[in-house]
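Peer 1: Chains as they are written, first to last, in full-length UniProt numbering: chain A, 1 to 352; chain B, 1 to 352; chain C, 1 to 352.
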Amino acid sequence: MNRVFSILVFIGVPISVIGALLHWPSVLMFVIYCLTIVALASFMGRATESLAIIAGPRIGGLLNATFGNAVELIISIFSLQAGLHQVVLASLTGSVIGNLLLVAGMSFLVGGLKYKRQKFNVYDARHNSGLLIFAVFIAFVIPEVFSMNLSNGKTISLSVGISIILIILYLLALFFKLVTHRGIYQIRDENEVVDEKEEPEWSKTKAIIILALATLAVAYVSENLVHTFEAVAKSFGWSEMFIGIIIVAIVGNAAEHASAILMAYKNKMDVAVEIAFGSTLQVSMFVVPVLVLASLFFEKAMPLVFSIPEMVAMIVSVTLTIILANDGETNWFEGATMLAAYIIMGIGFFLL
Amino acid sequence: MNRVFSILVFIGVPISVIGALLHWPSVLMFVIYCLTIVALASFMGRATESLAIIAGPRIGGLLNATFGNAVELIISIFSLQAGLHQVVLASLTGSVIGNLLLVAGMSFLVGGLKYKRQKFNVYDARHNSGLLIFAVFIAFVIPEVFSMNLSNGKTISLSVGISIILIILYLLALFFKLVTHRGIYQIRDENEVVDEKEEPEWSKTKAIIILALATLAVAYVSENLVHTFEAVAKSFGWSEMFIGIIIVAIVGNAAEHASAILMAYKNKMDVAVEIAFGSTLQVSMFVVPVLVLASLFFEKAMPLVFSIPEMVAMIVSVTLTIILANDGETNWFEGATMLAAYIIMGIGFFLL
Amino acid sequence: MNRVFSILVFIGVPISVIGALLHWPSVLMFVIYCLTIVALASFMGRATESLAIIAGPRIGGLLNATFGNAVELIISIFSLQAGLHQVVLASLTGSVIGNLLLVAGMSFLVGGLKYKRQKFNVYDARHNSGLLIFAVFIAFVIPEVFSMNLSNGKTISLSVGISIILIILYLLALFFKLVTHRGIYQIRDENEVVDEKEEPEWSKTKAIIILALATLAVAYVSENLVHTFEAVAKSFGWSEMFIGIIIVAIVGNAAEHASAILMAYKNKMDVAVEIAFGSTLQVSMFVVPVLVLASLFFEKAMPLVFSIPEMVAMIVSVTLTIILANDGETNWFEGATMLAAYIIMGIGFFLL
Chain A
1 MNRVFSILVF IGVPISVIGA LLHWPSVLMF VIYCLTIVAL ASFMGRATES
51 LAIIAGPRIG GLLNATFGNA VELIISIFSL QAGLHQVVLA SLTGSVIGNL
101 LLVAGMSFLV GGLKYKRQKF NVYDARHNSG LLIFAVFIAF VIPEVFSMNL
151 SNGKTISLSV GISIILIILY LLALFFKLVT HRGIYQIRDE NEVVDEKEEP
201 EWSKTKAIII LALATLAVAY VSENLVHTFE AVAKSFGWSE MFIGIIIVAI
251 VGNAAEHASA ILMAYKNKMD VAVEIAFGST LQVSMFVVPV LVLASLFFEK
301 AMPLVFSIPE MVAMIVSVTL TIILANDGET NWFEGATMLA AYIIMGIGFF
351 LL
Chain B
1 MNRVFSILVF IGVPISVIGA LLHWPSVLMF VIYCLTIVAL ASFMGRATES
51 LAIIAGPRIG GLLNATFGNA VELIISIFSL QAGLHQVVLA SLTGSVIGNL
101 LLVAGMSFLV GGLKYKRQKF NVYDARHNSG LLIFAVFIAF VIPEVFSMNL
151 SNGKTISLSV GISIILIILY LLALFFKLVT HRGIYQIRDE NEVVDEKEEP
201 EWSKTKAIII LALATLAVAY VSENLVHTFE AVAKSFGWSE MFIGIIIVAI
251 VGNAAEHASA ILMAYKNKMD VAVEIAFGST LQVSMFVVPV LVLASLFFEK
301 AMPLVFSIPE MVAMIVSVTL TIILANDGET NWFEGATMLA AYIIMGIGFF
351 LL
Chain C
1 MNRVFSILVF IGVPISVIGA LLHWPSVLMF VIYCLTIVAL ASFMGRATES
51 LAIIAGPRIG GLLNATFGNA VELIISIFSL QAGLHQVVLA SLTGSVIGNL
101 LLVAGMSFLV GGLKYKRQKF NVYDARHNSG LLIFAVFIAF VIPEVFSMNL
151 SNGKTISLSV GISIILIILY LLALFFKLVT HRGIYQIRDE NEVVDEKEEP
201 EWSKTKAIII LALATLAVAY VSENLVHTFE AVAKSFGWSE MFIGIIIVAI
251 VGNAAEHASA ILMAYKNKMD VAVEIAFGST LQVSMFVVPV LVLASLFFEK
301 AMPLVFSIPE MVAMIVSVTL TIILANDGET NWFEGATMLA AYIIMGIGFF
351 LL
């Protein structure tokens with residue numbers, strides 16, 4: 001798998017540059033950009049992982065929590081610069097429902113086809129549930145509803161206030177998890193073999209260089225990718241919302257997607273669930289508010305106000321996931337239910 | 001009880017025919033039709049039960065899952081044919097909230113007056129909760145919200161797509177419950193006496209004949225029933241929505257209602273809960289989508305779009321039920337709470 | 001603390017009278033009235049507590065359940081009389097979200113800073129969750145949604161019907177808790193020292209006299225308080241909604257607030273949670289319906305219809321609280337999450 005990604009990077013990046021300079025057709029470039037980003041994201045993931053192991057669990061957790069969705073953040077900043085607020089919010093929505101329903105759903109299904117019942121840490125699940133409800137039901141819903149009776153200026157004030165609170169709470173959550181309550185809610189599995197001490201794949205210097213280069217490359221490709229959306233939308237008859245919610249979200253999360261499924265297949269459900277839920281929380285409590293604050297420096301500030309279908313899709317995805325996950329057990333049918341929910345939303349956004 | 005129903009059938013069916021031919025007053029016929037259907041439904045239930053015992057648990061489960069709400073299905077198809085989309089959706093809404101709040105609520109109350117605490121299988125409850133959320137919060141809510149921005153044609157496409165997914169997931173749920181995970185989540189109660197092997201009430205042939213005849217009779221009576229709605233609505237000052245949601249739902253579910261309460265009274269809460277929840281899931285994941293698909297063959301296709309009050313009533317009923325039931329325990333007060341919720345909705349739909 | 005309140009009462013009440021007679025500036029009087037009410041409420045709380053101990057657990061529970069939110073009730077009746085329906089509903093909303101998010105949140109945070117994990121009775125929490133869902137999701141949401149399609153007269157009928165059901169269910173809940181299921185769901189903590197028999201602070205006669213006098217004084221001060229709202233709103237640029245939801249709610253609940261935090265700090269989470277949740281239920285299942293029924297005797301009947309932002313704020317507060325509390329455990333981060341949610345809503349209502 002890693003070799004495939006390596007080849008993809010070494011072919012994809014130069015072709016992206018050449019294609020962009022020679023103005024190759026947008027649809028072709030869209031495909032090339034997407035594949036290249038997926039491969040680059042896997043490099044970024046491996047570099048972050050190595051650094052996290054070297055830095056120890058606390059700083060490592062912080063690193064993972066910050067760089068884990070760097071690709072989405074980068075794509076979104078270029079969309080923001082291009083004034084495509086709708087695409088930004090759509091891709092963040094897509095990231096939330098994609099991580100919850102597609103990534104977790106596929107993990108539950110694949111893992112469940114091999115094991116009858118799979119368990120994960122129910123305390124972590126509940127901790128994540130609380131944060132999901134906070135982020136989606138409160139931080140996203142309140143501006144949605146209140147903005148109907150607010151002027152634009154006040155909506156921006158509310159969005160900025162909420163964004164700051166989101167980031168503070170996100171940092172407090174890290175502090176809670178990595179410092180004050182580290183290991184407190186650990187469930188010791190008696191049959192568990194103590195994990196061999198993990199070895200970093202790359203040295204510190206190598207990892208930093210790779211991370212820096214891959215980030216630069218992602219930034220370059222992302223900027224070009226954003227400008228193909230309009231042409232692709234026309235060619236395939238897709239709405240920009242569908243591109244944002246389904247396509248960009250799948251591309252941006254492909255790396256997480258692959259590792260979560262692999263972990264589920266190895267019956268390491270704690271890790272699989274952490275990837276899917278952790279990534280959702282990162283997007284909604286860190287990437288979204290950072291983008292709202294960043295937008296203050298661009299031409300037009302972006303309010304934290306999703307479209308009604310986006311908001312509803314996120315609310316029901318969170319509700320379904322919490323109801324299914326709150327018992328700390330999964331099986332193939334729970335995965336199938338989540339995938340069915342994802343397909344329904346996909347059809348809905350496609351028709352919209 | 002069975003004898004009462006026998007007498008009711010042997011008097012009700014001929015009187016229904018005679019009354020219809022002689023054009024007796026609509027309100028009188030409405031009452032006669034309702035009573036006859038209740039009695040016929042009990043015959044269908046007993047025939048299905050016998051066949052299920054003969055066929056063994058797997059095919060039996062499938063039989064129960066298909067014929068359990070045959071009466072609703074038949075009444076609805078005639079309403080569909082008469083173009084009464086509103087009545088169809090109203091009676092399905094009524095079936096969902098009636099099974100959840102009235103049937104389960106009454107069971108919890110009656111059982112709870114005899115026993116302080118009653119328990120049921122918490123795994124089954126959680127499995128059902130997930131499906132309820134899927135059906136009501138996702139499969140029903142998404143077209144509700146998205147259709148506001150969709151053309152009629154696209155709303156029908158979305159409805160058809162979702163209906164197909166609902167039916168597939170319903171079949172997968174049966175497969176999960178009857179095949180891959182049969183007995184896996186069983187909680188062995190130590191005090192439980194092993195059930196004597198069940199004897200079917202009727203032989204295979206007799207059961208099939210009775211099922212066929214009763215189904216035909218229900219079909220005949222239902223068709224006539226549907227045509228009395230308008231007159232009854234006028235006479236009593238009821239809205240058609242109230243007839244659909246409260247009256248038709250109570251008639252269509254009277255048989256389930258009686259057996260659930262009986263089971264609760266015998267402290268067999270697993271069975272009582274399964275009847276109430278199972279019936280709700282059958283309606284929402286099988287009857288509703290089958291009707292949407294069937295409507296494609298009639299003059300006007302029926303979109304899967306409930307009215308706002310119906311949608312809200314279903315959402316809050318599901319939420320209350322899940323919060324109350326998810327701990328696998330009941331008492332009389334939980335039953336009283338559910339009945340209070342049902343009465344509030346009844347008043348609401350009456351005034352509407 | 002008690003001494004401070006005593007001094008505050010003996011200074012605050014006469015100054016309130018003098019200031020009102022001499023027409024001191026509204027903003028100054030607003031502050032004096034608020035402080036005086038907080039101090040009087042603490043006296044009422046101590047008197048009720050003494051009477052409850054003397055009367056034994058059953059009548060005591062009833063007393064607490066009736067007088068616990070007497071201050072809110074009194075302030076609201078004067079607002080009702082002044083025709084300020086918006087302020088009434090706003091202060092009740094504020095009481096619900098304030099008790100759930102601010103009082104409980106602060107208790108969890110303060111308690112959690114001292115103890116890593118705090119536990120409370122999970123059965124009580126689930127019982128309260130069911131009632132919260134019933135009150136907010138059903139009794140408040142149904143008139144909200146149905147009233148959109150109802151005439152004013154029918155909305156009042158629905159409101160009256162629901163109010164009667166709410167009061168009946170509230171009484172049934174007391175009957176359940178104090179009579180039929182008293183002590184059934186108690187979790188015996190092995191390390192718990194058996195509580196010494198509680199001694200009432202005041203004798204029966206003294207408690208009744210103090211309760212009567214304090215109630216009269218609260219009534220007098222509240223009536224004056226209500227008439228300062230308009231001037232205060234103008235002076236500070238606050239909306240009347242903000243005054244009702246945030247300021248009045250904090251004043252009306254200051255006493256509960258203080259004792260809940262104190263209990264959490266002593267690791268008596270059962271009591272802290274009971275104060276916060278019990279107070280919310282009292283407001284939503286007793287104070288609200290009593291006010292709706294009382295409004296029938298005033299000039300204009302008050303429908304049980306909150307504004308959309310109020311309704312949404314209550315729904316999401318209940319959801320977050322249930323998800324966080326349903327496991328019977330708390331920590332500082334759960335408290336921080338609830339406070340963050342409260343701040344977001346505060347900003348929202350401030351900007352509105």
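All C-beta atoms in this analysis are idealised placements derived from N, C-alpha and C, irrespective of residue type, glycine included.
1. When you check each C-beta in the segment 123-142 of chain A against every C-beta of chain B, which residues fall closer than 8 Å?
2. Within a Cβ cutoff of 6 Å, which residues of the same chain sit near B:P200, ignoring the five residues on either side of it in sequence?
3. Taking the beta carbon of B:S16 as the centre, do at least 16 other beta carbons fall within 10 Å, making it buried, or is it exposed?
4. What did DSSP end up calling C:K119 once you bin it into helix, strand or coil?
5. When you compare only the Cα positions, how much space is there between C:E223 and A:I162?
6. What does A:E329 pair with, by DSSP beta-bridge criteria?
7. How is C:L84 classed by DSSP in three states: helix, strand or coil?
8. Please identify, using Cβ separations under 7 Å, the residues of the segment 155-171 of chain B that lie next to chain A, in order along the chain.
9. Could you list which residues in chain B have their beta carbon closer than 8 Å to that of A:D270, in chain order?
10. Determine, using beta carbons only, whether B:I243 comes closer than 8 Å to chain C.
11. Using 8 Å as the limit for Cβ to Cβ distance, is C:M345 near chain A?
12. Below 8 Å on the Cβ atoms is my guess for B:L166 versus B:M285; work out the distance and round it to an integer in Å.
13. Can you pull the chain B neighbours of A:W352, defined as C-beta to C-beta under 8 Å?
14. Assess, as a yes-or-no matter, whether the segment 88-106 of chain A is touched by the segment 276-294 of chain A under the definition of 3 or more beta carbon pairs within less than 8 Å.
15. For a contact meaning CB atoms closer than 9 Å, what does residue 354 of chain C contact in chain B?
16. Determine, for B:F176, whether the minimum Cβ-Cβ distance to residues of chain A falls below 8 Å.
17. For C:I323, would you say it is in contact with chain B, using Cβ-to-Cβ distances shorter than 8 Å as the test?
18. C:L324 to A:I323, Cα distance in whole Å?
19. Can you list, in chain order, the residues of the segment 297-309 of chain B whose Cβ is nearer than 7 Å to any Cβ on chain A?
20. Using a Cβ-Cβ cut-off of 6 Å (strictly less than) and excluding sequence neighbours within five positions of B:A255, which residues of its own chain qualify?
21. Taking the CB atoms as reference points, tell me whether A:G328 and A:N121 lie closer together than 8 Å.
22. Are the segment 142-149 of chain B and the segment 292-301 of chain B touching by the rule of at least three beta carbon pairs closer than 8 Å?
23. Write down the C-beta distance between C:S76 and C:V287 rounded to the nearest angstrom, noting that I regard them as a contact closer than 8 Å.
24. Work out the CA separation of C:I247 and A:I275 for me, nearest whole Å.
25. Going residue by residue through the segment 126-167 of chain B, where are the continuous alpha helix (DSSP H) segments of at least 4 residues, counting only ones entirely within it?
26. Give me the Cα-Cα distance between B:V292 and B:L225, rounded to the nearest whole angstrom.
27. Which residue comes first and which comes last in the alpha helix (DSSP H) that contains C:E198?
28. Indicate whether at least one CB of chain B lies closer than 8 Å to the CB of A:L320.
29. Return the chain-ordered list of same chain residues with a C-beta closer than 7 Å to the C-beta of C:A249, the five sequence neighbours on each side being excluded.
30. Please name the residue, chosen from A:A20, A:I11, A:M345, A:N331, that lies closest to B:F176 on a Cα-to-Cα basis.
31. How many Å lie between A:N267 and A:A125 at the Cα?
32. Using alpha carbons as the reference points, say which of A:M338, A:F30, A:M311 lies closest to A:A233.
33. Assuming B:F108 contacts B:E310 under a Cβ cut-off of 8 Å, what Cβ separation, rounded to an integer in Å, is found between them?
34. Return the first residue and the last residue of the alpha helix (DSSP H) that C:F108 is part of.
35. Report the residue from C:S6, C:H257, C:S26 whose alpha carbon sits nearest the alpha carbon of C:V103.
Peer 2: Let's see:
1. So nothing in the stretch comes that close.
2. In the second sequence, the residue the question calls residue 200 of chain B occupies position 200. So the list reads S50, I53, I54, once near-sequence residues are dropped.
3. For the purposes of this step, residue 16 of chain B is identified with residue 16 of the second sequence, where counting begins at 1. Buried, because 16 or more other Cβ atoms sit within 10 Å of the Cβ of B:S16.
4. As a first step, residue 119 of chain C must be located in the third sequence, where it is residue number 119. If DSSP states are grouped into helix, strand and coil, C:K119 belongs with the strands.
5. Here the question's residue 223 of chain C lines up with position 223 in the third sequence. Here the question's residue 162 of chain A lines up with position 162 in the first sequence. Cα-Cα distance, rounded: 36 Å.
6. Here the question's residue 329 of chain A lines up with position 329 in the first sequence. BP columns for A:E329 point to A:K119.
7. Working through the third sequence from its first residue, we reach residue 84 of chain C at position 84. In this structure, C:L84 counts as coil in the three-state DSSP scheme.
8. Only S157, L158, G161, I162, I165, L169 from the segment 155-171 of chain B bring a Cβ to less than 7 Å from some Cβ of chain A.
9. Taking the first residue of the first sequence as position 1, residue 270 of chain A is located at position 270. Residues of chain B passing the Cβ test: none, with the nearest at roughly 20 Å.
10. If you number the second sequence from 1, residue 243 of chain B lands on position 243. By this cut-off, B:I243 is not an interface position.
11. Working through the third sequence from its first residue, we reach residue 345 of chain C at position 345. For C:M345, the nearest beta carbon of chain A is closer than 8 Å to its own beta carbon.
12. By one-based count along the second sequence, residue 166 of chain B stands at place 166. By one-based count along the second sequence, residue 285 of chain B stands at place 285. Taking a contact as a CB-CB distance under 8 Å, the pair B:L166 and B:M285 counts as one, their CB atoms being some 5 Å apart.
13. In the first sequence, residue 352 of chain A corresponds to position 352, counting from 1. The sequence as given places Leu at residue 352 of chain A; Trp does not occur at that position. Against chain B, the beta carbon of A:L352 has neighbours under 8 Å at F146, N149, L150, listed in chain order.
14. Under the three-pair Cβ rule at 8 Å, the segment 276-294 of chain A counts as touching the segment 88-106 of chain A.
15. What the structure shows of chain C is the stretch from 1 to 352, and residue 354 of chain C is not part of that stretch, so it cannot be assessed.
16. As a working note, residue 176 of chain B is residue 176 in the second sequence. With a threshold of 8 Å between beta carbons, B:F176 makes contact with chain A.
17. Here residue 323 of chain C refers to the residue found at position 323 of the third sequence. By this cut-off, C:I323 is not an interface position.
18. For the purposes of this step, residue 324 of chain C is taken as residue 324 along the third sequence, with counting starting at 1. For the purposes of this step, residue 323 of chain A is taken as residue 323 along the first sequence, with counting starting at 1. The alpha-carbon atoms of C:L324 and A:I323 are separated by roughly 13 Å.
19. Interface annotation for the segment 297-309 of chain B against chain A: empty, criterion Cβ-Cβ distance under 7 Å.
20. Counting from 1 along the second sequence, the entry for residue 255 of chain B is found at position 255. A41, S42, G45.
21. Taking the first residue of the first sequence as position 1, residue 328 of chain A is located at position 328. Taking the first residue of the first sequence as position 1, residue 121 of chain A is located at position 121. It is a contact, given that the beta carbons lie within the stated cut-off.
22. No, the segment 142-149 of chain B is not in contact with the segment 292-301 of chain B.
23. Sequence index remark: in the third sequence, residue 76 of chain C carries index 76 (1-based). Sequence index remark: in the third sequence, residue 287 of chain C carries index 287 (1-based). Taking a contact as a CB-CB distance under 8 Å, the pair C:S76 and C:V287 counts as one, their CB atoms being some 7 Å apart.
24. Reading the first sequence from its first residue, position 275 is the one you call residue 275 of chain A. Reading the third sequence from its first residue, position 247 is the one you call residue 247 of chain C. So the two alpha carbons sit approximately 42 Å from each other.
25. Fully enclosed alpha helix (DSSP H) runs of 4 or longer: 141-146.
26. Counting from one through the second sequence, the residue named residue 292 of chain B turns up at place 292. Counting from one through the second sequence, the residue named residue 225 of chain B turns up at place 225. Approximately 21 Å, taken between the alpha carbons.
27. If you number the third sequence from 1, residue 198 of chain C lands on position 198. Careful: C:E198 lies outside any alpha helix (DSSP H) and carries neither H nor E.
28. Along the first sequence, read from residue 1 onward, the residue named residue 320 of chain A stands at position 320. Residue contact check for A:L320 against chain B: a CB pair falls below 8 Å.
29. Counting from 1 along the third sequence, the entry for residue 249 of chain C is found at position 249. S91, G94, S95, G98, listed in sequence order.
30. Within the second sequence, residue 176 of chain B is the residue found at index 176, counting from 1. The alpha carbon of B:F176 has as its nearest neighbour, out of A:A20, A:I11, A:M345, A:N331, the alpha carbon of A:N331.
31. As a working mapping, residue 267 of chain A is identified with position 267 in the first sequence. As a working mapping, residue 125 of chain A is identified with position 125 in the first sequence. Taking the straight line from one Cα to the other gives about 16 Å.
32. Locating residue 233 of chain A in the first sequence gives position 233, counting from the first residue. Nearest Cα to A:A233 within the set A:M338, A:F30, A:M311: A:F30.
33. For this step, residue 108 of chain B is matched to residue 108 along the second sequence. For this step, residue 310 of chain B is matched to residue 310 along the second sequence. Actually they are not in contact, since the Cβ atoms of B:F108 and B:E310 sit about 24 Å apart, beyond 8 Å.
34. In the third sequence, counting from the first residue as 1, residue 108 of chain C sits at position 108. C:F108: member of the alpha helix (DSSP H) spanning 104-114, first to last residue.
35. Counted from its first residue, the third sequence places residue 103 of chain C at position 103. When only C-alpha atoms are compared, the closest one is C:H257.
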